[in-house]
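Undergrad: Structure below; questions to follow.
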Amino acid sequence: MPTPKQRLPYSTAGGGGGGRRGASGSGVLPPVVVLVFLFVVAPSLFFVVCNGGRGHVHVASDPKVRNDDQEAVAMMNLKSILPKEVIDAIAASQQEKGTLSVDFFRNHESPSWKTDDLVTDKGMNVDDKAKAENSAAEHDLPTNNSPKDPDEHQVDTAAKIARRKLREKRREKRAMDLLSKDDEARVKLENAAIERSKAVDSAVLGKYSIWRKENENENSDTTVRLIRDQIIMARVYSALAKSKNKSGLFQELQTRIKESQRAVGEAAADADLHHRCESVSLLSLFYKNNFLTLLSFNKKHLLYSAPEKIRAMGQVLSKAREEVYDCRAITQRLRAMLQSADEQVRSLKKQSTFLSQLAAKTIPNSIHCLSMRLTIDYYLLPLEKRKFPRSENLENPSLYHYALFSDNVLAASVVVNSTIMNAKEPEKHVFHLVTDKLNFGAMNMWFLLNPPGKATIHVENVDEFKWLNSSYCPVLRQLESAAMKEYYFKADRPTTLSAGSSNLKYRNPKYLSMLNHLRFYLPEVYPKLDKILFLDDDIVVQKDLTGLWDVDLNGNVNGAVETCGESFHRFDKYLNFSNPHIARNFDPNACGWAYGMNIFDLKEWKKKDITGIYHKWQNKNEDRVLWKLGTLPPGLLTFYKLTHPLDKSWHVLGLGYNPSIDRSEIDGAAVVHYNGNMKPWLELAMTKYRPYWTKYIKYDHPYIRGCNLSE
């Protein structure tokens with residue numbers, strides 16, 4: 037038998053011819069033979085197998101040992117040329133499936149044979165990756181064509197394990213990529229949905245669908261608003277149904293409107309609806325002894341819960357939409373309703389302004405009661421008991437003097453009490469109170485019963501200032517004129533609720549009182565004083581104010597906090613700049629300032645004849661052509677370029693009209709001012725600001741208890 041070194045016989049069965057080639061006498065195959073085998077014979081064999089599967093590589097007539105030797109020699113030569121992964125794949129394929137075939141290489145590609153430039157992970161979409169995973173999973177599953185012979189049982193070689201691990205890693209990596217991309221895509225979709233939802237009123241979309249979730253909006257008034265919106269749409273559809281002679285639909289809509297109106301009532305939040313339902317439930321207990329009556333009551337009035345009423349109304353609205361929907365008609369109807377609502381809002385605003393002005397110029401019954409009782413008791417006192425102690429301090433310029441002009445006993449007591457309680461040296465403070473003859477007795481009696489500690493106090497009656505008459509004071513002369521009387525007292529002037537007179541603010545009685553204009557005559561009232569701090573009666577003092585006497589006014593007369601942080605507090609807000617007298621002499625953008633807490637240098641006042649300047653401008657405004665009534669506009673003119681701005685922490689304003697003042701500003705202020713209509717002694721005062729004022733009132737005082745004054 038010839039050895040493999042001497043001859044290598046090859047033959048092809050069932051194929052087209054074969055050939056022999058002898059080797060040389062040496063024991064090594066020449067390179068040409070290997071090349072011919074690789075590039076001619078082997079490809080021919082693979083294509084034959086691929087096309088018909090009819091050919092097999094075998095040795096024609098040699099024993100099995102000879103075939104093994106030939107294969108061994110071929111593998112040795114192939115190892116020197118082919119990569120290790122290819123050799124391992126060939127060996128594994130022979131062990132798993134017997135004869136090597138091209139189908140194996142089609143279905144079991146080696147990673148080193150894949151071309152990244154044709155298909156990459158980045159270029160594959162989600163569907164392609166899913167298909168690739170499914171294909172790989174199918175390859176891992178056992179097939180029905182696997183050999184059943186025990187001798188052909190699969191053997192886990194190192195190459196097979198490595199290949200399996202590699203596939204698993206690829207699958208895991210692809211799965212992780214897909215998951216991460218899915219998460220990113222979901223997050224992007226959610227963000228996009230959120231952005232889109234911000235531009236859409238979610239309370240409107242799907243409002244009349246009976247399947248809509250009732251709690252999708254977390255606002256506390258969602259249900260109330262939904263019911264009211266349904267009522268609006270029901271009114272629109274009822275008008276359309278009536279115009280199209282659909283009486284049945286019209287009656288049904290009217291019934292639902294009444295039920296929804298009863299359900300919502302005056303509720304402002306969803307919690308109020310539950311209280312209404314509880315009330316109806318309690319009412320139904322009265323019918324517990326009569327089942328039929330209770331049953332009829334339930335049919336007529338119950339749908340207890342708001343969701344049931346919403347659902348019932350939604351069904352009727354859906355029916356109406358199908359029967360009478362007309363986009364143009366609905367638009368016209370809604371526009372008409374909107375215009376009507378706008379007119380009502382304007383009318384209510386006027387009425388609200390009228391009522392607030394009316395409330396601001398009235399005195400509550402409890403305060404009026406307090407004043408009357410104090411007045412009666414004062415005039416029952418002997419003359420010797422009507423005097424205040426320490427009267428020698430009234431003209432001492434070295435002390436701290438305050439001017440307070442008021443006809444409100446309770447308000448004046450808060451100003452004095454808060455000032456003394458926050459003063460470092462109360463004994464050095466002197467209060468000069470001026471009131472009218474109606475409240476003179478009450479003011480005296482209150483401070484005789486409740487003296488301000490060691491401080492000095494003195495009360496005067498403005499009607500006893502004989503020098504303050506119409507020949508000297510332009511305001512008094514103007515108030516006596518026929519034109520002013522007609523403006524204030526004419527019977528047919530529009531002051532009704534429907535008219536909502538815009539000038540009612542300037543018809544406030546305080547503008548007719550000389551107490552309001554007495555601030556322009558301070559040197560005449562207190563001729564021996566050098567400085568005085570003027571305080572309104574609607575302020576509360578929270579800190580020691582003696583530092584104001586040390587402020588250098590730089591030759592100015594008035595020290596005040598400016599209010600020009602906003603445009604409407606400039607001169608053009610208060611003065612008529614269309615008048616040449618105003619336009620020539622003042623800057624419309626000049627910064628305004630506030631009355632309520634002002635430190636006045638009375639020496640400079642006298643030098644600059646401030647009272648004379650006031651008289652000049654007051655005389656020019658006899659016909660109210662320069663400004664309307666009040667004391668701030670003439671004050672701006674009189675102290676123009678003579679006002680020194682104080683730090684804003686001395687005086688915080690707005691507690692009588694502004695609900696959004698920062699709490700830290702209020703707590704840090706030396707004086708807080710309830711300027712505006714919502715005075716702290718009125719019921720319309722803002723609740724959150726009222727405690728700053730009430731804490732200086734002794735509600736257990738006999739007079740206060742007797743007049744039913746409470747916090």
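For the sequence shown, the positions run 37 to 747 when our numbering is used. Cβ atoms here follow ideal geometry from the backbone N, Cα and C, with glycine treated the same way.
#1: Quick check on the burial criterion: 16 or more other C-beta atoms within 10 angstroms. Buried or exposed for ILE635?
#2: Bridge partners for ALA439 per DSSP, in chain order?
#3: Have a look at TYR414 and ASP499 and give me their C-alpha separation to the nearest angstrom.
#4: If you follow the beta strand (DSSP E) that ASN497 is in, where does it begin and where does it stop?
#5: Below 8 Å on the Cβ atoms is my guess for LEU682 versus VAL597; work out the distance and round it to an integer in Å.
#6: Round the Cβ separation of ASP219 and LEU276 to the nearest angstrom and send it over; I've been treating them as touching at under 8 Å.
#7: Put HIS737 into one of helix, strand or coil per three-state DSSP.
#8: Based on the DSSP secondary-structure assignment, which residues constitute the bridge partners of ASN594?
#9: Just to confirm before moving on: does the CB-CB distance between TYR749 and ASP574 stay below 8 Å?
#10: Three-state secondary structure (DSSP) at CYS363?
#11: For TRP686, is the classification buried or exposed, using 16 other Cβ atoms within 10 angstroms of its Cβ as the cut-off for buried?
#12: Return the residue from the list GLY301, LYS278, VAL466 that minimises the CA-CA distance to ARG261.
#13: If you draw a straight line from the C-alpha of PHE441 to the C-alpha of SER549, how long is it?
#14: Please report the Cβ distance between TYR436 and VAL466, rounded to the nearest whole angstrom; I am assuming they are in contact, meaning their Cβ atoms lie under 8 Å.
#15: Beta-carbon within less than 6 Å of ASN744's beta-carbon, same chain only, minus the 5 sequence neighbours each way: which residues are those?
#16: Terminal residues of the continuous beta strand (DSSP E) containing HIS709?
#17: Could you check what DSSP says for ILE575 in three-state terms: helix, strand or coil?
#18: Span of the alpha helix (DSSP H) holding GLY398?
#19: Tell me VAL688's beta-bridge partners as DSSP assigns them.
#20: Can you tell me whether DSSP reads TRP717 as helix, strand or coil?
#21: Who are TRP629's beta bridge partners in DSSP?
#22: Can you confirm whether the segment 446 to 453 touches the segment 720 to 736 when touching is taken to mean that 3 or more C-beta pairs between the two stretches lie within less than 8 Å?
#23: Distance check for TYR273 and ARG264, CA to CA, integer angstroms please.
#24: Do PRO624 and ASP637 have their CB atoms nearer than 8 Å?
#25: Find the nearest neighbour of HIS404 within the set PRO695, VAL445, MET373, judged by alpha-carbon distance.
#26: Would you kindly report the start and end of the unbroken alpha helix (DSSP H) that includes ASP265?
#27: Can you have a look at TYR438 and say buried or exposed, based on whether 16 or more other CB atoms are within 10 angstroms of its CB?
#28: Output the distance between the C-alpha atoms of ASN334 and THR291, rounded to the nearest integer angstrom.
#29: Hey, quick one: how far does the alpha helix (DSSP H) through GLY477 stretch, first residue to last?
#30: Quick one, are the C-beta atoms of ALA270 and LEU353 less than 8 Å apart?
#31: On the criterion of 16 or more Cβ atoms from any shown chain inside 10 Å, does VAL707 qualify as buried, or is it exposed?
#32: Could you give the distance in angstroms between the alpha-carbon of SER376 and the alpha-carbon of LEU384?
#33: Can you tell me whether TYR631 is buried or exposed? The criterion is at least 16 other CB atoms within 10 Å of its CB, across all chains shown.
#34: Quick one: any contact between the segment 673 to 681 and the segment 692 to 700, if contact means 3 or more CB pairs under 8 Å?
#35: Name the two residues that bound the continuous alpha helix (DSSP H) containing ASN694.
#36: DSSP has ARG422 in a bridge; who is on the other side?
TA: Working from what's here:
#1: The residue labelled residue 635 in the question sits at position 599 within the sequence shown. ILE635 should be labelled buried.
#2: Numbered from its first residue, the sequence shown carries residue 439 at position 403. Beta-bridge partners assigned by DSSP to ALA439: HIS468, PHE570.
#3: The residue labelled residue 414 in the question sits at position 378 within the sequence shown. The residue labelled residue 499 in the question sits at position 463 within the sequence shown. Whole-angstrom Cα-Cα distance: 18 Å.
#4: Position 461 of the sequence shown, counting from 1, holds the residue named residue 497. ASN497 -> beta strand (DSSP E) spans 492 to 497.
#5: Working through the sequence shown from its first residue, we reach residue 682 at position 646. Working through the sequence shown from its first residue, we reach residue 597 at position 561. The beta-carbon distance between LEU682 and VAL597, rounded to whole angstroms, is 5 Å. This is short enough to meet the 8 Å contact definition.
#6: In the sequence shown, the residue the question calls residue 219 occupies position 183. In the sequence shown, the residue the question calls residue 276 occupies position 240. The pair is not a contact, with the Cβ atoms about 50 Å apart (cut-off 8 Å).
#7: Translated into positions along the sequence shown, residue 737 becomes position 701. HIS737: coil per DSSP, three-state reduction.
#8: For this step, residue 594 is matched to residue 558 along the sequence shown. Partner(s): PHE636, THR679.
#9: Not covered by the structure: residue 749. The range shown for the chain is 37 to 747.
#10: Counted from its first residue, the sequence shown places residue 363 at position 327. Three-state DSSP puts CYS363 in a helix.
#11: Position 650 of the sequence shown, counted from the first residue, corresponds to residue 686. Looking at its Cβ environment, which holds 16 or more other Cβ atoms inside 10 Å, TRP686 is buried.
#12: By 1-based counting over the sequence shown, the position of residue 261 is 225. It is GLY301.
#13: As a first step, residue 441 is located in the sequence shown; it is residue number 405 there, counting from the start. As a first step, residue 549 is located in the sequence shown; it is residue number 513 there, counting from the start. Inter-residue distance for PHE441 and SER549 is about 11 Å (C-alpha atoms, whole angstroms).
#14: In the sequence shown, residue 436 corresponds to position 400, counting from 1. In the sequence shown, residue 466 corresponds to position 430, counting from 1. Yes, TYR436 and VAL466 are in contact; Cβ-Cβ is about 7 Å, under 8 Å.
#15: The count along the sequence shown starts at 1 and reaches residue 744 at position 708. Excluding residues up to 5 positions away in sequence, SER402 lie with their Cβ nearer than 6 Å to the Cβ of ASN744 in the same chain.
#16: Residue numbering aside, residue 709 sits at position 673 when the sequence shown is read from its first letter. First-last of the beta strand (DSSP E) with HIS709: 707 to 709.
#17: Counting from 1 along the sequence shown, the entry for residue 575 is found at position 539. In the three-state scheme derived from DSSP, where H, G and I count as helix and E and B as strand, ILE575 is classed as strand.
#18: Here residue 398 refers to the residue found at position 362 when the sequence shown is read from its first residue. The residue asked about is misnamed: residue 398 is Thr in this sequence, not Gly. Element bounds for THR398: n/a, residue is neither H nor E.
#19: Residue 688 sits at position 652 when you count from the first residue of the sequence shown. DSSP lists VAL708 as partners of VAL688.
#20: Numbered from its first residue, the sequence shown carries residue 717 at position 681. In this structure, TRP717 counts as coil in the three-state DSSP scheme.
#21: In the sequence shown, the residue the question calls residue 629 occupies position 593. Its beta-bridge partners are GLU598.
#22: When C-beta atoms of the segment 720 to 736 are compared with those of the segment 446 to 453, three or more pairs fall below 8 Å, so the two segments count as touching.
#23: Here residue 264 is taken as the residue at index 228 of the sequence shown, counted from 1. Here residue 273 is taken as the residue at index 237 of the sequence shown, counted from 1. Approximately 14 Å, taken between the alpha carbons.
#24: Numbered from 1 along the sequence shown, position 588 holds the residue referred to as residue 624. Numbered from 1 along the sequence shown, position 601 holds the residue referred to as residue 637. No, the Cβ-Cβ distance between PRO624 and ASP637 is not below 8 Å.
#25: Residue mapping note: residue 404 aligns to position 368 of the sequence shown, counting from 1. Of PRO695, VAL445, MET373, the residue nearest in Cα terms is VAL445.
#26: Looking up residue 265 in the sequence shown gives position 229. Per DSSP, ASP265 belongs to the alpha helix (DSSP H) from 258 to 279.
#27: Counting from one through the sequence shown, the residue named residue 438 turns up at place 402. Burial state of TYR438 is buried, judged by a 10 Å Cβ sphere holding 16 or more other Cβ atoms.
#28: For this step, residue 334 is matched to residue 298 along the sequence shown. For this step, residue 291 is matched to residue 255 along the sequence shown. The predicted model places ASN334 with a pLDDT of 44, which falls under 50 and marks its position as unreliable; any figure quoted below should be read in that light. Pairing ASN334 with THR291, the inter-Cα distance amounts to about 15 Å.
#29: Here residue 477 is taken as the residue at index 441 of the sequence shown, counted from 1. GLY477 -> alpha helix (DSSP H) spans 476 to 485.
#30: In the sequence shown, the residue the question calls residue 270 occupies position 234. In the sequence shown, the residue the question calls residue 353 occupies position 317. Yes; because the gap between Cβ atoms is below 8 Å, this pair is in contact.
#31: Here the question's residue 707 lines up with position 671 in the sequence shown. By the neighbour-count rule (16 or more Cβ atoms within 10 Å), VAL707 is buried.
#32: Your numbering for residue 376 matches position 340 in the sequence shown. Your numbering for residue 384 matches position 348 in the sequence shown. Taken atom to atom, the span from the alpha-carbon of SER376 to that of LEU384 is near 12 Å.
#33: Looking up residue 631 in the sequence shown gives position 595. Buried, because 16 or more other Cβ atoms sit within 10 Å of the Cβ of TYR631.
#34: Not touching, per the Cβ criterion.
#35: As a working note, residue 694 is residue 658 in the sequence shown. Element bounds for ASN694: n/a, residue is neither H nor E.
#36: Here residue 422 refers to the residue found at position 386 when the sequence shown is read from its first residue. ARG422 is not bridged by DSSP to any residue.
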